[in-house]
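Chains as they are written, first to last, in my numbering: chain D, 2 to 259; chain Y, 2 to 259; chain B, 2 to 350; chain W, 2 to 350; chain F, 78 to 257; chain C, 78 to 257; chain H, 13 to 85; chain Z, 13 to 85. Where is the CB? At the ideal position from N, CA and C, for every residue including glycine. From a predicted model like this one, the values you see are computed outputs, not experimental measurements.
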Amino acid sequence: MSKVIERDGVQYEVIWEKPKGLKEKQMHYCPGCAHSTLEKLIMEVIGEKGLTENTIGVSPVGCSVFAYDYMDIDMQQAAHGRAAAVATGISRVFPDKLVFTIQGDGDLAAIGTAETIHACNRGENIVIFFVNNAIYGMTGGQMAPTTLEGQITSSSPHGRDVKLAGHPIKISELVAQLPGTCFVTRVAVNTPQNVKKTKAAIEKAFNNALDKKGTSLVELVGNCPSGWKMTPVNSYIWWEKNMIPMYPLGVIKDVDNN
Amino acid sequence: MSKVIERDGVQYEVIWEKPKGLKEKQMHYCPGCAHSTLEKLIMEVIGEKGLTENTIGVSPVGCSVFAYDYMDIDMQQAAHGRAAAVATGISRVFPDKLVFTIQGDGDLAAIGTAETIHACNRGENIVIFFVNNAIYGMTGGQMAPTTLEGQITSSSPHGRDVKLAGHPIKISELVAQLPGTCFVTRVAVNTPQNVKKTKAAIEKAFNNALDKKGTSLVELVGNCPSGWKMTPVNSYIWWEKNMIPMYPLGVIKDVDNN
Amino acid sequence: MGEIHLMKGNEALAEASIRAGLDAYFGYPITPQSEILEYFSRELPKKGIAFVQAESEVASINMVYGAAGCGKRVMTSTSSPGFSLMMEGVSYIACAELPCVLVNVQRGGPGLGTIQPSQGDYFQAVKGGGHGDYHMIVLAPNSVQEMADMPSIGFELAEKYRIPVLILADGALGQMMEKVEFKEYPKKNIEQNWATVGKPEKRDANVITSLFIESEVMEQVNIKLQKKYEQITEEVEDCELYHADDAEVFIVAYGISSRLAKKAVDLSREKGVRAGLIRPKILWPFPTKVIQKYATQAKGFISLEMSAGQMIEDVKLSLDGSVKSKHYGRMGGMIPAPEDILKEIESML
Amino acid sequence: MGEIHLMKGNEALAEASIRAGLDAYFGYPITPQSEILEYFSRELPKKGIAFVQAESEVASINMVYGAAGCGKRVMTSTSSPGFSLMMEGVSYIACAELPCVLVNVQRGGPGLGTIQPSQGDYFQAVKGGGHGDYHMIVLAPNSVQEMADMPSIGFELAEKYRIPVLILADGALGQMMEKVEFKEYPKKNIEQNWATVGKPEKRDANVITSLFIESEVMEQVNIKLQKKYEQITEEVEDCELYHADDAEVFIVAYGISSRLAKKAVDLSREKGVRAGLIRPKILWPFPTKVIQKYATQAKGFISLEMSAGQMIEDVKLSLDGSVKSKHYGRMGGMIPAPEDILKEIESML
Amino acid sequence: MLQEVIFAGFGGQGVLTIAKNVAYSAMLEGKETCWMPTYGPEMRGGTCGCTVSVSDKMISSPILAKYDVGVILNLPSMDKYEPKIKSGGLIIWESTTITDGPKRGDVKSIPIPAYDIAVELGSTLVMGMVLLGAFIQKTESITIDSVLEALRKTLPARRHNLIPLNETALRKGYEYASKI
Amino acid sequence: MLQEVIFAGFGGQGVLTIAKNVAYSAMLEGKETCWMPTYGPEMRGGTCGCTVSVSDKMISSPILAKYDVGVILNLPSMDKYEPKIKSGGLIIWESTTITDGPKRGDVKSIPIPAYDIAVELGSTLVMGMVLLGAFIQKTESITIDSVLEALRKTLPARRHNLIPLNETALRKGYEYASKI
Amino acid sequence: MLKGFIEVDIERCKGCELCIGACPPKIACLSMSKQTNKKGYHFMEQTQNSCIGCGNCALMCPDSVITVYRLKK
Amino acid sequence: MLKGFIEVDIERCKGCELCIGACPPKIACLSMSKQTNKKGYHFMEQTQNSCIGCGNCALMCPDSVITVYRLKK
Ligand SMILES: Cc1ncc(C[n+]2csc(CCOP(=O)(O)OP(=O)(O)O)c2C)c(N)n1
Ligand SMILES: Cc1ncc(C[n+]2csc(CCOP(=O)(O)OP(=O)(O)O)c2C)c(N)n1
Ligand code: SF4
Ligand code: SF4
Ligand code: SF4
Ligand code: SF4
Ligand code: SF4
Ligand code: SF4
Ligand SMILES: [Mg+2]
Ligand SMILES: [Mg+2]
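What follows is the structure, given as structure tokens:
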């Protein structure tokens, strides 16, 4: 199965290489940004499952807007917050295709709240990747609905004041309540183990869509070194220490285990 | 306290009369429509608590759009779905006023989903009256997000097909999950007892707002004789038999009892 | 000649769209167009054609974006306030060059306004209510028959030029019943190799986008769009002329008000006044050349609109000062009376 | 003269709005205007002034509606795609006659486009991107100083006429730093007895609405609005003139491109060509009378816009065929070079 | 020839259907016709009106300020539409339930006890048909035959059994009117 | 006099701040000035540029296609902006980290080992100031004094202790450049 | 002496009949008139004097048509 | 004979250092170069031959910079 090469007369297996499904263009993401890892993993799964011809992706407005520059599949770029609606349009005319979105927390949990909730409620046969980095990365680090209490951002310079701005919103728990969702899970890519789990979640979500089970939402609790104003390594520490306790990892809903 | 009159030399107490807070103009609501009862009760409470000068109401787009023609208080008419945003605008510049909205299920649970969820999440100090009659009354009886499974409406003439249109959405349960809400309850006005409970819920919600506790949402499970294509009396039967089992009455969240 | 039906304009439009090969409809109820949605809700599921009653107009237009990006024949319909909510989406669709047919059954604005017929959304339709330099081809039916004819014409134009086409109707056209006959509509015959349908190994990935972050690139995109718009302006025109040959006063009117204009022309002819009508069946591109042609013989032009005067600007721009012109119209759902139009005609002499 | 600051246009606008008595701001991040929101997020909570980062532009504009309906000085700001999402809300605000100041820091469209500066939203601003017959007063700053001057002017006009006022800026004006001096701005001095503030016993309930279901009533509302617009057209005008007195070729330009126009005028004067500039500081109402005045001495007009040519229509409508005119501009964030403008000037001779 | 008619009554009284029958019949007769309901929330609970224009030429306006004929089924409709009938016009009205007829002297008043007649026929649902019969008798803008043809075309097959009853109602109304 | 300058480097290298110092100083000297950053997501991780124009007259365009002077802090910026310097213009560049200087013959190249100098001074943060010193020496569009004045006005009081270090860096850069 | 009585503003009544079902079964003093009001609705009327002034009918009446009086104790 | 080795596409490396933390502590064969690539990033380089081909670094690398080879059993 796996590729083998020879070096110094000895055979080596290729354990990992850049997925074929990634285009040559280098990602514009900041160093250490989880967006890159997610797209890498999605293309690994699409490649391994041979889904290229069967897949249409939707990129949002947010840092992953350019996903179509990296992922070598047919893609549409959706208006800010409307990726789930665009995916609905695609999925309804191509019920047999695998349709997914990648969306940030501003996109999905602020301006796109209605589209998200209703796509999930209708049980659109799509996969939603929700990159929750608790900030508006693309526009320069403003507060998102998922920004943590007290977190300083460029639009909450005194720290998020929950009395004025509300508490961080937990979208996965909300959509898990809707009968239309078949699989809701929270993952991270902050450790090799979690990367593997994320990949497994992607696989499972794609299988659900191929089996027409309804909406799968995979929340990637992510980081944003630039928006958080940290080095990548420090962002990983903050991620583990602050993000994951607030947004605990694990399966929130899985109709297969009910 | 209560007014007393004399008739045939005997004294009679006035047990109930049209609230002073209702304008003379007759409501345009169809015979037997719960919208009328709700507005009557709201004005009773405002009158009894002497809140007229302290209250600003927001009417939606939906059958209650004309609430300002009946309720003798300062009111704003909000764009379809945006009542919670309009109420936010009012409440933020008048933090000491009582601000409430009346919204239908199309208004609040379809087009206004994002505004509803985020007003609740921010814990805006407002009261939301959510008239859930499982249909778009004003526009001629189309399917709403809350329309019951199999229910025939003018845009689900074959009955709501949950595979294509999703299941009826339970907004109260969703917003109860948000830390910003202090009180979420479901009431009906289909019996005298329930009318009394509804009035009590209105009082409680108004008290919450006066005490600045956050968002209160009172879901009135309502009827729509016209949209349901029934006589008022039959609509009451259907209401009890189909609506209330799907949308069970009672307090869903009350921070005072936690 | 096929069977004649008596139908509402809204229903005729819906039925004709199905016959024209509709692949998907996404919409949200609003008076006075809900019958379109309702008709589709009854017919499309039976036929296995995609139908979604969306959660809002914003969602509808973005569903249209998605399905149109797949190269399908897609439609949404709404009325004025709903169309305003679609402005961002329309601008995206225009830039991403997605063919689709949009329907605005106008009602009186601004704001929540009234649900009665109006023509107050002309500017929004032809100048670009959304941001940026873009155009839609705008079709203006004036009868139930044309409500039925135009979806097919719309899809053809949309696919030919990769452009959104707007059918600009109004509450009267949507609600009234008239006789209507459905035709054999042409099937889609343009290869859409740009559409996202799943990438086969042999071709590059297709991307639907309107994002061009570099100014140099964005300018090229803009130039390309403008070239296309120029081409359409050259190639696309449809006007009905009524007593134009010898007219000295012209009414320019579209949609429902063009019918009143016709009546007013008749009345004036009875009185010996040589009035004529130019009725654009396509509002964008505007029939500037037609107007200019008749300007040479005319004493004056009246733009008859159920608005405060919007198309009058395009009439004036076409005339460029050569002949005098004025607007006449009513607002808020009021219908201009032919007798009043007649007075305006006489005042131009 | 007060202290001079070096500030971004976005920040200057925000600071000046606070000094002009802002009561509430509602907004959503979008490049290139996010600094406005960020500035307010830092300053307003400290001062007890209402600030909400809304969940969307749709929410922002409706929060503005609510707070403006209370008679407060309220603002939102956004950039092109976000402004498209506000079209329904703006139409409501116009019809309900609520004073407020809106800011569109334009970027290149259509669609997601580019975040670089553009002037492609002119039509949307002045013709009505939303449905129905309405107008906003549209202010067009061309420097950081004017970014600071215009909020106060905007509130004054908004309150005087009960109309939304739009400050139409662009990414360059928003992002660049220049020197700026803040003034003493007048306080609100108009009684707003129509506002919803809680109904005292002695007066009738105040109602903010844009719904007038009966056509007869709606038409009266429309007529009232149109009368107001006429009055504003009579009373409101602001133009900067540059070398206009003896010019034979005029550039009409607003906002950032007017600065390039000035440079081009200088260049042409150096070459002995008598060019001049008419710069509308207020785009709606359009300074038709000013243009007409100079038309008598002019050989030609150039409308210089960073768009495919939008304001040119208003220039042409003002000239009504009396003098030739053309559009020149760049798109997608590209900035016209004064040398190229010069060539256009020369071509008009 | 252009005839502009308003049919008006309660929502439930089948006003739109009678009006549609007129339009359909006119279409079958090769005439131009246009049917236009009042629409919107004001229908709710209140009056429901529907305009039908019948002409030899294209109908210019579906929305009218004045009518040649009014067919009026309830009191609120009488109040609303009586002033909108052209001078010299005709008001055909249901006289069992409406107590006060038109007050104007310059229009012809045709009271028809359609409710009573319908009750006699065994179904209040055909009240509208009775009035339609009267309308045909008074205006001659369409014929009973084309209404019957219209019913055959527009009613689903399973409802065709109702046609005879409708025909009787039509003829009763026609007859009653011919005596006025 | 109109001088149009591009400052460009990594996001973290303080390019915007040096540029702002120039603009502020020019303003203090009573000149017209305009500061304009490249903005948007392309900043991310990549190069960050900032244009400053200084003139006696109102600045016509904040966005420029060509520059008189480039102050370049990293290689990608060199690649991007070298072609955009006007013929006869000036490129002042950080020569410790950038290995290849400008290739064009028609611009003047001023390599400054600002990184090394800054390290010598004990803080890489003042690298920009070293380059700014060189810029002042070469262009004379502003003075060191007004930069110091600008720092006093723009730095919060608690940061004023950094001014001497900045001054040293400025003067070091100035000195170094005066020898080229 | 009446235990209670009601007043009905018949012109505002919409004939929904909800009051009728709300009146305690033993009392059942309400019914619909054969006549219609100006709006064309059959309106409610009190047909017996058994009213106890419980207020149920008024609580249920959506249109605030009914005023209820009860004997003062 | 190496248990494993990696190839690093240094021009794509963004110097985030995440690979470094992912390499098992006992192995720790990665570090950052003093040099920068064309983009200006200090890039990762393998500094020892202790690599076991576990793949962790590649799993963590956001930019797919690393190819991992492991001795075939
Ligand atoms: C209608 C509209 N509003 C606002 C924006 C500006 N905008 C672009 S991306 C974005 C949010 C980015 O945050 P998020 O969705 O969390 O994505 P991230 O970049 O963090 O991955 C915003 C507000 C826009 N492009 N369009
Ligand atoms: C933007 C917009 N979209 C659609 C409409 C049409 N519309 C008016 S009310 C309504 C929904 C009414 O249903 P609901 O909110 O449930 O209120 P109800 O009448 O049932 O009380 C709709 C879709 C509108 N006025 N504006
Ligand atoms: S800004 Fe944040 S989310 Fe965006 S690419 Fe950079 S690190 Fe990632
Ligand atoms: S349509 Fe339905 S919701 Fe609206 S007033 Fe009538 S019964 Fe009530
Ligand atoms: S008050 Fe009670 S007893 Fe009297 S009529 Fe009403 S419901 Fe019946
Ligand atoms: S409940 Fe009220 S409106 Fe209904 S019938 Fe009784 S009195 Fe009339
Ligand atoms: S493959 Fe494993 S052992 Fe080898 S360098 Fe990578 S993390 Fe270290
Ligand atoms: S994880 Fe990848 S990008 Fe980051 S330093 Fe290592 S090799 Fe470079
Ligand atoms: Mg984010
Ligand atoms: Mg409803």
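Distance between P153(C) and E159(C) (C-alpha atoms, nearest Å): A direct Cα-to-Cα measurement between E159(C) and P153(C) gives close to 10 angstroms.
Enclosing alpha helix (DSSP H) for E49(D) [first to last residue]: Annotation for E49(D): the continuous alpha helix (DSSP H) segment containing it runs 35–49.
R331(B) (DSSP reduced to helix, strand or coil): coil
Beta-ladder partner(s) of V234(Y), from DSSP: Residue pairing for V234(Y): DSSP places it in no beta bridge.
Within the stretch 45–96 of chain Y, ranges of the beta strand (DSSP E) (whole runs, at least 3 residues): Entirely contained in the stretch 45–96 of chain Y, the beta strand (DSSP E) runs reaching 3 residues are, in chain order, 56–60, 75–78.
The stretch 189–196 of chain Y contacting the stretch 72–79 of chain Y, beta-carbon criterion three pairs below 8 angstroms: no
C-alpha distance - A13(B) paired with G175(B), whole-angstrom precision: 9 angstroms
Span separating the alpha-carbon of V5(D) from that of M56(Z): 24 angstroms
Alpha helix (DSSP H) segment containing M244(Y), residue limits: It is not in any alpha helix (DSSP H) - M244(Y) carries neither H nor E in the DSSP assignment.
Interface flag, E179(B) vs chain F, CB-CB below 8 angstroms: By this cut-off, E179(B) is an interface position.
Residues near Q90(C) by beta carbon distance below 6 angstroms, same chain, minus five either side: L150
Proximity test, K254(D) beta-carbon vs ligand 6 heavy atom, cut-off 7 angstroms: Checking the Cβ of K254(D) against ligand 6 gives no.
Within-8 angstroms CB hit, R331(B) to chain W: yes
M120(C) versus S227(D) - alpha carbon distance: The predicted position of M120(C) is uncertain, since its pLDDT is 45 and thus under 50; a value taken from the coordinates is nonetheless stated next. Straight across, the Cα-Cα distance linking M120(C) with S227(D) is about 11 angstroms.
Test: G110(B) CB closer than 8 angstroms to a CB of chain Y: Interface annotation, G110(B): not in contact with chain Y, CB-CB separation never under 8 angstroms.
Residues of its chain near V49(F), where Cβ-Cβ distance is below 6 angstroms and the 5 sequence neighbours each way are ignored: This structure cannot settle anything about residue 49(F), because the visible part of chain F is limited to 78 through 257.
Chain D within 8 angstroms of S35(W), Cβ atoms only: yes
heavy atom of ligand 3 below 7 angstroms from S227(D) C-beta: yes
Beta-carbon gap between P158(D) and S42(W) smaller than 8 angstroms: Going by beta carbons, P158(D) and S42(W) fall inside the 8 angstroms limit.
Proximity test, N134(D) beta-carbon vs ligand 9 heavy atom, cut-off 7 angstroms: yes
Neighbour-count burial assignment, V11(Y), 16 or more Cβ in a 10 Å radius: exposed
As assigned by DSSP and simplified to three states, the class of D255(Y): strand
The stretch 209–222 of chain D / the stretch 178–190 of chain D touching (three or more Cβ pairs under 8 angstroms): yes
Closer than 8 angstroms to chain D by CB, T32(W): yes
Extent of the continuous alpha helix (DSSP H) run through M151(W): Its alpha helix (DSSP H) spans residues 145–162.
Other residues of its chain near V87(D): CB distance less than 7 angstroms, five sequence neighbours each side excluded: V59, Q77, A79
A254(C), DSSP secondary structure in three states: helix
Short CB-CB distance (under 8 angstroms) between I89(D) and chain B: According to the sequence displayed, residue 89(D) carries Thr and not Ile. Yes, contact with chain B.
L218(D) at chain W interface by Cβ criterion, 8 angstroms: no
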